[in-house]
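K.L.:
Pasting a structure here, questions to come.
There are 2 protein chains.
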Amino acid sequence: MALRVGVIGGGQLARMMVPAALELGIDIRVLAEGPAMSAGIAATAEGDYHDAGTVLAFARDVDVVTFDHEHVPQDVLRALVDAGVPVRPGPEPLAVAQDKITMRRRLSELGLPVPDWAAVHDQDELRAFLDDHGGRAVVKTARGGYDGKGVRVVSDASGADDWFTAIAEAGGGQALLVEELVPFTRELAQSVARRPSGEVVAWPLVETVQQDGVCAEVLAPAPDSAGRIADLTESIAVRIAEELGVTGVLAVELFQTADERILINELAMRPHNTGHWTIDGATTSQFEQHLRAVLDLPLGATGMHAPSAVMINVLGGPADGDLAARYPGALAAFPEAKYHFYGKAPRPGRKIGHVTVVGDDVDDVVYRARAAAAHFDD
Amino acid sequence: MALRVGVIGGGQLARMMVPAALELGIDIRVLAEGPAMSAGIAATAEGDYHDAGTVLAFARDVDVVTFDHEHVPQDVLRALVDAGVPVRPGPEPLAVAQDKITMRRRLSELGLPVPDWAAVHDQDELRAFLDDHGGRAVVKTARGGYDGKGVRVVSDASGADDWFTAIAEAGGGQALLVEELVPFTRELAQSVARRPSGEVVAWPLVETVQQDGVCAEVLAPAPDSAGRIADLTESIAVRIAEELGVTGVLAVELFQTADERILINELAMRPHNTGHWTIDGATTSQFEQHLRAVLDLPLGATGMHAPSAVMINVLGGPADGDLAARYPGALAAFPEAKYHFYGKAPRPGRKIGHVTVVGDDVDDVVYRARAAAAHFDD
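These protein sequences, in sequence, are chains E and C. Using UniProt numbering, the letters of the first sequence correspond one by one to residues 1 to 378. Using UniProt numbering, the letters of the second sequence correspond one by one to residues 1 to 378.
And the structure:
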């Protein structure tokens, strides 16, 4: 019988696991939030992942449970573990990914490089942090943020009043995370994969370009990073994976500063937008690797097909919603580009697909990838 | 709305179209012969492809119909065309692929290089052919053969009596195909793709190694073939695609003789075993290309990721049926190999998967691909 992986969540990350599962002969099953999800082709159940009964019923027929996202509540994760279901990554590492204050605290305990930070409960605590950091800082909600949501730059202690009100009303003594505004020169991302038996492998470090808090472009490998920078980011990501006991793919988003320091920004314990280039540019994609890792199978090689790979997100898409009408022009203009769409309807700002080009010269590859993706702009 | 492709037949070729469809954002639907087929994940209907009503009902919700195999009867294909459904490849080219005598006749009419052949109806006609060709020849049933089935070397006119009896009993004036026994030094395969608007692209020529009439290994590109041989095979395949009006992938199996002649052996109007290496070794796989071609979208680039790619079929698999038990050893030994399994239970001689390795040196790549695949032998 084929090995069976159950994925909670039917978004594009689950969708992109399906090709890898089909090629490797793995039986993949998805618990989707509803009908017509990105990963609908593999959906064997629909339901609410907040409900332990729904998730336990889904998990009964699989060998391991993994995730399209990090939002499954701890009590549901614990119920799976108590029922003897392998959950990868497990509740402990996911608790770190689910709460930005917990994440900062653990990374600080490990002595890993993070921006100055504090957990603040009210205006006074925020004001004190601002006074110590030149009057400006980044405030983040501890939970539920993504793609720039739940992140705000403030220069006045009243700038997060709405969030303070919300956490006070929610009760439970929640706090906001405040961080120094890092004077970074660029953003990087380092992905690794770890399996329960301990093996860890890393892909090349990449440079990421964000627009309005959303990943727009990824260059692999990150230009001018060979040697010290790449060694450092790999050692940071491997250490996080090992210390937190992450299984599956771990993506570490990083800042590089003008004085060549590296600071950890965010963690994701699943395949990540900054690793989509691996589908077309690396021997083993992050999606195949995630499946191997959560099944505790030996990990695949992470070398690149060519010296350079560039991924451009397709954000929004045509305002008339007619994605198919853009295929002929794009495919004819760039027959070497790899086009990926997620089965999602165009909508302003929405990640509906991405385009990857691989080649020898980074400037040429960047140009072609951008031009190919632009065929799908409004 | 996404472009919709309907595939008749749920075997491994349909299965391998699914990853390409998911990546490209194409809605793929399969008419499967029954439950638990290789391409079951994309099955939206189950039924008999010999029944026009079943096929017409399936085709109602797709933009184009294509195939996992060439066995759909002409009357069903005509019914689809009459109903206004785009059928690619269409009934005319498929008629050539469905009957080996029709195929030999058309290729001969086009002046393309084929072995000496004849359509024979009885022992006397077979004896005459044998007398003219040194007393030995290859006899093939005109229809229904594959993977060495329906093919037999005879050195006596009575050697095909059972088949003569069968076609006489079937009525309809059928014949057997008899061909000269070509003294080939090796076998080659040339794949191309053609879209209805006329664009044709070719992948590199490959060398194929058969065992007991079944494809066992494929080397891309075919060693020592650059220049005259590769130019010739490409021109042959392009001419066949254009003259017969093939749409989608066309694979041409060829013999190379000691005196460097090229003779056409078989045609397949669909993705073909000799092109599986393109999934991991070429910019555009034959499965993605087939989808593009049948949708009349611009075709993708066919260059290779590395100088050499070798595919080894996994035939049979472990006698105990436990494929999953072989993964850890294989994946650990060759982390750079790409493993593909079709969701089929192991059974002696059955094609249940394949392994591809790409790299710089053909001898090294052949060694590693064979050794990786051998982990799944009985």
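The beta-carbon is built from N, C-alpha and C at its ideal position, and this holds for glycine as well. Quick caveat: nothing in here was measured; it's all calculated off a predicted structure.
Listed from N- to C-terminal order along the chain, which residues in the stretch 330-341 of chain C have their beta-carbon within a distance smaller than 7 Å of any beta-carbon of chain E?
P.N.:
The residues in question are L331, A332, P335, E336, Y339, H340, F341.
K.L.:
Find the residues of chain C that neighbour E:T283, judging by a C-beta separation of less than 7 Å, and give them in chain order.
P.N.:
Going along chain C in sequence order, the residues near E:T283 (Cβ under 7 Å) are E336.
K.L.:
Would the beta-carbon of E:L94 fall within 8 Å of that of E:E243?
P.N.:
No; because the gap between Cβ atoms is not below 8 Å, this pair is not in contact.
K.L.:
Assuming residue 389 of chain C contacts C:N273 (C-beta within less than 8 Å), just tell me the rounded distance between them.
P.N.:
Residue 389 of chain C lies beyond the residue range present for chain C, which begins at 1 and ends at 378; the question has no answer from this structure.
K.L.:
Fully enclosed by the stretch 196-275 of chain E, which alpha helix (DSSP H) runs are 4 residues long or longer?
P.N.:
Complete alpha helix (DSSP H) runs here, min 4: 228-244.
K.L.:
So the candidates are C:A36, C:D259, C:Q210, C:M17; which of them puts its Cα closest to the Cα of C:R29?
P.N.:
Closest option to C:R29, Cα to Cα, is C:M17.
K.L.:
What first and last residue would you give for the alpha helix (DSSP H) that runs through C:R106?
P.N.:
Looking at the DSSP string, the run of the alpha helix (DSSP H) that includes C:R106 is 100-109.
K.L.:
Got a sec? Which residues, its chain only, sit under 6 Å from E:E253 by beta carbon, not counting five neighbours each side?
P.N.:
Closer than 6 Å at Cβ, skipping near neighbours: A189, N265, E266.
K.L.:
Quick check on E:A18 - is its C-beta less than 8 Å from some C-beta in chain C?
P.N.:
Residue identity differs from the one stated: residue 18 of chain E is Val in this sequence, not Ala. By this cut-off, E:V18 is an interface position.
K.L.:
Pick out whichever of C:V365, C:A137, C:E217 has its Cα sitting closest to the Cα of C:A306.
P.N.:
The residue with the shortest Cα to Cα distance from C:A306 is C:V365.
K.L.:
Rounded to whole angstroms, what's the CA-CA distance from E:L291 to C:G300? Just pull it up for me.
P.N.:
Taking the straight line from one Cα to the other gives about 28 Å.
K.L.:
For the stretch 40-73 of chain C, list every residue whose C-beta sits within 8 Å of some C-beta in chain E, in sequence order.
P.N.:
Cβ contacts with chain E come from I41, A42.
K.L.:
Quick one: complete beta strand (DSSP E) runs, 3+ long, within the stretch 7-93 of chain C?
P.N.:
Complete beta strand (DSSP E) runs here, min 3: 27-32, 43-46, 64-67.
K.L.:
With 8 Å as the threshold, decide whether the Cβ of E:P328 is near any Cβ in chain C.
P.N.:
Cβ-Cβ to chain C under 8 Å: yes for E:P328.
K.L.:
Can you list, in chain order, the residues of the stretch 300-314 of chain E whose Cβ is nearer than 8 Å to any Cβ on chain C?
P.N.:
Within the stretch 300-314 of chain E, the qualifying residues are G300, A301, G303, H305, A306.
K.L.:
Here's the rule: buried if 16 or more other CB atoms are within 10 angstroms of the residue's CB, otherwise exposed. What is E:V153?
P.N.:
When all chains shown are included, E:V153 counts as exposed.
K.L.:
Would you say E:A324 reaches chain C, if we count a Cβ-Cβ gap shorter than 8 Å as a contact?
P.N.:
Yes, E:A324 lies at the interface with chain C (some Cβ there is under 8 Å from its Cβ).
K.L.:
With a Cβ-Cβ cutoff of 8 Å, do C:G316 and C:P346 count as a contact?
P.N.:
Taking 8 Å as the Cβ cut-off, C:G316 and C:P346 qualify as a contacting pair.
K.L.:
Applying the criterion that 16 or more other CB atoms from any shown protein chain within 10 Å of the CB defines a buried residue, is C:H50 buried or exposed?
P.N.:
When all chains shown are included, C:H50 counts as exposed.
K.L.:
Roughly how far, in whole angstroms, is the beta-carbon of E:R15 from the beta-carbon of C:L22, given that I think they are within contact range, below 8 Å?
P.N.:
About 6 Å; that satisfies the 8 Å criterion.
K.L.:
Please report the Cβ distance between E:A258 and E:T185, rounded to the nearest whole angstrom; I am assuming they are in contact, meaning their Cβ atoms lie under 8 Å.
P.N.:
At roughly 5 Å, the Cβ-Cβ gap stays under 8 Å, so E:A258 and E:T185 are in contact.
K.L.:
Check whether chain C comes within 8 Å of E:R15, counting only Cβ atoms and requiring the distance to be less than that.
P.N.:
Closer than 8 Å: yes.
K.L.:
Given a cut-off of 8 Å, decide if C:L250 and C:S225 are closer than it, judged by their beta-carbon atoms.
P.N.:
Contact: no.
K.L.:
What's the call for C:K149, buried or exposed, on a 16-neighbour Cβ count within 10 Å?
P.N.:
Result: exposed.
K.L.:
Please list, in chain order, the residues of the stretch 177-200 of chain E that have any C-beta partner in chain C closer than 7 Å.
P.N.:
Those would be none; no residue qualifies.
K.L.:
Please determine, among C:I41, C:D75, C:G303, C:A325, the residue with the shortest C-alpha to C-alpha distance to C:A220.
P.N.:
That would be C:G303, whose Cα lies nearest to the Cα of C:A220.
K.L.:
Measuring CA to CA, which of C:E179, C:G159, C:H133, C:H121 is closest to C:G173?
P.N.:
Nearest of C:E179, C:G159, C:H133, C:H121 to C:G173, Cα basis: C:H121.
K.L.:
When you compare the CB of C:P298 with every CB in chain E, is at least one pair closer than 8 Å?
P.N.:
Yes, C:P298 lies at the interface with chain E (some Cβ there is under 8 Å from its Cβ).
K.L.:
Which residues in chain E sit within 8 Å of C:A202, going by Cβ to Cβ distance?
P.N.:
Here the premise fails: no neighbours, minimum Cβ distance about 13 Å.
K.L.:
Touch check for the stretch 33-43 of chain E and the stretch 355-364 of chain C: three-plus C-beta pairs under 8 Å?
P.N.:
Result no; under three Cβ-Cβ pairs closer than 8 Å.
K.L.:
Looking at chain C, is there any beta carbon in it that lies within less than 8 Å of the beta carbon of E:R347?
P.N.:
Closer than 8 Å: no.
K.L.:
How big is the Cα-Cα spacing for C:Q12 and C:H69?
P.N.:
Looking at the two C-alpha atoms, the distance is approximately 10 Å.
K.L.:
By DSSP, does C:Y327 sit in helix, in strand, or in coil?
P.N.:
Three-state DSSP puts C:Y327 in a helix.
K.L.:
If you run the structure through DSSP and keep just helix, strand and coil, what is E:R190?
P.N.:
The sequence shown places Gln at residue 190 of chain E, rather than the Arg named in the question. Looking at E:Q190 - three-state DSSP - the assignment turns out to be strand.
K.L.:
List the residues of chain E whose Cβ lies closer than 7 Å to the Cβ of C:A2, in chain order.
P.N.:
Result: A324, G343.
K.L.:
With distance defined between alpha-carbon atoms, name the residue in E:A333, E:A332, E:D322 nearest to E:V341.
P.N.:
It is Phe, not Val, that sits at residue 341 of chain E in the sequence shown. The shortest C-alpha separation from E:F341 is found at E:D322.
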